[in-house]
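Peer 1: In the numbering used here, the protein residues as written are 292 to 694. Below are the structure tokens for one structure; questions will follow.
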Amino acid sequence: MSDKENSRVRSKNMMYTQQIRHLPARSTDQLVSRVKKMAPKRYALIVHDSDVNEQGEPAEDHVHVMLSFENARSINSIARELGDEPQSIEMWKGKAENGYSYLIHATKDSGNKYQYPPSKVIANFNYQEEIKRITEEVERSRQTANSKILLDSLYKGEISKEELEKRLSGSQYGRMRRQIEDVWCKHLQFQAAKWREEMKKSGKRIKVIWISGEAGTGKTSLAKEYAEKSNQPYFITGSSRDLFQNYAGEHTMIIDELRADIVKYPDLLRILDPFGSQVMAPSRYSDKPLVCDLILITSPYNPAEFYRELFSKTNGDSVDGLEQLLRRITLTVEMDVSHIRAVEYDRGKKIYRAVDKAEKENRYSRHYREQDSAASNPQELFESMFREAPCVETDSTTSVESA
């Protein structure tokens, strides 16, 4: 660049570099004095005496001075005040922080070079604190970039929501929780659209099995065992405050202990609708698109009892009557302590009747399990507390008697 061009080039930030043996100032102290006379807003200086060249040989000792001015200055004017040639000054085009970091080789591209301690730097500000701040900012930026990569991978289905959360710190998860939910929900929507197309092409319908019975009859145990036969992950609803919060696209779902106050009737109908164009389950942060081939419902009520309980406190029935629920259910099962039976709803008499030759012994009930558990008998357990333990001779007793 010519002198005329250098006179036109102005910048607020610039880097001065010169070999020690060619330094116009006789010492670094004199160089610092010249720099101070220019009244820069900030300056930092270091002598590089441990660099190596491309051949791995020691490089000549040289000095770097990073300069920041309040107003843009020309390269020519700064060179004159330093008593050196304009070619020794580089207009700093990037962030000034990168220039100050380069002094100790703390930038991304200089990580393979000798790392100088911050204490070697002469500056008119607290250089060590500034480097600490820059390092923390870079780390935050790196984490943000990494977070974006993880969100993109979640969106594409390359990693699961659980895997992503494991890679985050607590503070990162706190900041990203809503983003994660939104991206995950969008991924599920794409998966759901693809699943619906496949279901339509194959002519398949989802299966809905409603299992009713009192507490202790083993409804959930039966549902889990049947779900496991698919040899794929299944989802079981969680807290009644947010049943579907952790749903992750499983094709088998257990809605456990369904009661009238847990889910709204229109929502339940949408969840069970085999022909729904976009079946969504209500959730706190965002509704979850469902891709379920099999839905198992456990409840203390059969479907008709559930419907009556749901609307017992209102006048009349819902706009969507009981029939809307019944036609969505593929199989209804009733359980008591001794038997499991398939049942069908008699619409004329409005009662459930047992299906012929569809009854099994209930090996899932608490009563069945207690028959095989001696410890579950309170009287037997009480008596066992007062039985004498068998007398066992210890090695030490034997050795004394032998003696």
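Glycine residues also receive a C-beta, built at the ideal position from the N, C-alpha and C atoms. Predicted model only: the values in this text are computed from it and were never measured.
Quick one: give me the first and last residue of the alpha helix (DSSP H) that Thr-319 is part of.
Peer 2: Taking the sequence shown and counting its residues from 1, one reaches residue 319 at position 28. Thr-319 -> alpha helix (DSSP H) spans 319 to 328.
Peer 1: Have a look at Arg-312, Val-624, Ile-366 and Val-628 and flag the residue whose alpha-carbon is nearest the alpha-carbon of Tyr-636.
Peer 2: As a first step, residue 636 is located in the sequence shown; it is residue number 345 there, counting from the start. Nearest option by C-alpha distance: Val-624.
Peer 1: Is Asn-304 helix, strand or coil by DSSP?
Peer 2: Taking the sequence shown and counting its residues from 1, the one referred to as residue 304 is at position 13. In this structure, Asn-304 counts as strand in the three-state DSSP scheme.
Peer 1: Nearest to Ser-577 by alpha carbon, out of Arg-466, Leu-534, His-542 and Gly-402?
Peer 2: The residue you call residue 577 lines up with position 286 of the sequence shown. Among Arg-466, Leu-534, His-542 and Gly-402, the Cα nearest to that of Ser-577 belongs to Leu-534.
Peer 1: For Tyr-659, which of helix, strand or coil comes out of DSSP?
Peer 2: Here residue 659 corresponds to residue number 368 of the sequence shown, with the count starting at 1. DSSP places Tyr-659 in helix when its eight states are reduced to three.
Peer 1: Determine, using beta carbons only, whether Ile-471 and Lys-452 come nearer to each other than 8 Å.
Peer 2: Taking the sequence shown and counting its residues from 1, the one referred to as residue 471 is at position 180. Taking the sequence shown and counting its residues from 1, the one referred to as residue 452 is at position 161. Contact: yes.
Peer 1: May I ask you to verify whether the stretch 371 to 387 touches the stretch 344 to 351, counting CB pairs closer than 8 Å and requiring at least 3?
Peer 2: With a cut-off of 8 Å, the stretch 344 to 351 and the stretch 371 to 387 do not count as touching, because too few Cβ pairs lie within range.
Peer 1: Compute the distance between the beta-carbons of Ser-521 and Leu-585, then report whether it is under 8 Å.
Peer 2: Walking along the sequence shown from the start, residue 521 turns up at place 230. Walking along the sequence shown from the start, residue 585 turns up at place 294. Yes; because the gap between Cβ atoms is below 8 Å, this pair is in contact.
Peer 1: For Glu-488, report the span of its alpha helix (DSSP H) as first-last.
Peer 2: What you label residue 488 is simply residue 197 of the sequence shown in a count that begins at 1. Where Glu-488 is concerned, the enclosing alpha helix (DSSP H) stretches over 461 to 493.
Peer 1: Return helix, strand or coil for Leu-513, following the three-state DSSP convention.
Peer 2: Within the sequence shown, the letter at position 222 stands for residue 513. Three-state result, Leu-513: helix.
Peer 1: Compare the Cα-Cα distances from Ile-631 to each of Leu-613, Gly-639 and Glu-650 and report the closest residue.
Peer 2: On the sequence shown, residue 631 is found 340 positions in, with the first residue counted as 1. Of the listed residues, the one whose Cα sits closest to Ile-631 is Glu-650.
Peer 1: Can you give the Cα-Cα distance for Leu-672 and Ala-506, rounded to whole angstroms?
Peer 2: Counting from 1 along the sequence shown, the entry for residue 672 is found at position 381. Counting from 1 along the sequence shown, the entry for residue 506 is found at position 215. Computed Cα separation, rounded: 24 Å.
Peer 1: Between Val-554 and the rest of its own chain, which residues show a CB-CB distance below 7 Å, the 5 nearest in sequence each way excluded?
Peer 2: For the purposes of this step, residue 554 is taken as residue 263 along the sequence shown, with counting starting at 1. Within the same chain, Val-554 has close Cβ partners Leu-534.
Peer 1: Apart from the five residues just before and just after Leu-373, which ones in its own chain have a Cβ nearer than 7 Å to its Cβ?
Peer 2: Numbered from 1 along the sequence shown, position 82 holds the residue referred to as residue 373. Tyr-307, Pro-315 and Arg-325.
Peer 1: Determine the DSSP secondary structure at Val-429, reduced to helix, strand or coil.
Peer 2: Counting from 1 along the sequence shown, the entry for residue 429 is found at position 138. Three-state result, Val-429: helix.
Peer 1: CA-CA distance, Arg-496 and Ser-438?
Peer 2: As a working mapping, residue 496 is identified with position 205 in the sequence shown. As a working mapping, residue 438 is identified with position 147 in the sequence shown. So the alpha carbons of these two residues sit roughly 39 Å apart.
Peer 1: Leaving out five residues on either side along the sequence, give the residues of the same chain with a beta carbon under 8 Å from the beta carbon of Glu-519.
Peer 2: Translated into positions along the sequence shown, residue 519 becomes position 228. Around Glu-519: Tyr-525.
Peer 1: Which residues does DSSP pair with Ser-365 in a beta bridge?
Peer 2: Position 74 of the sequence shown, counted from the first residue, corresponds to residue 365. Arg-301.
Peer 1: Give the secondary structure of Arg-599 by DSSP, where H, G and I count as helix, E and B as strand, and everything else as coil.
Peer 2: On the sequence shown, position 308 is the one that residue 599 refers to. Three-state result, Arg-599: helix.
Peer 1: What are the complete beta strand (DSSP E) segments, minimum 3 residues, inside the stretch 377 to 427?
Peer 2: Whole beta strand (DSSP E) segments, 3+ residues: 380 to 382.
Peer 1: Just to check my reading of the structure: Gly-540 and Val-582 have Cβ atoms closer than 8 Å, yes? What is that Cβ distance to the nearest angstrom?
Peer 2: Stepping through the sequence shown from its first residue, residue 540 is reached at position 249. Stepping through the sequence shown from its first residue, residue 582 is reached at position 291. So it is a contact: roughly 6 Å between Cβ atoms.
Peer 1: Over the uninterrupted beta strand (DSSP E) stretch that includes Asp-647, give me the two end residues.
Peer 2: For the purposes of this step, residue 647 is taken as residue 356 along the sequence shown, with counting starting at 1. Taken as a continuous stretch (DSSP letters only), the beta strand (DSSP E) holding Asp-647 covers 642 to 652.
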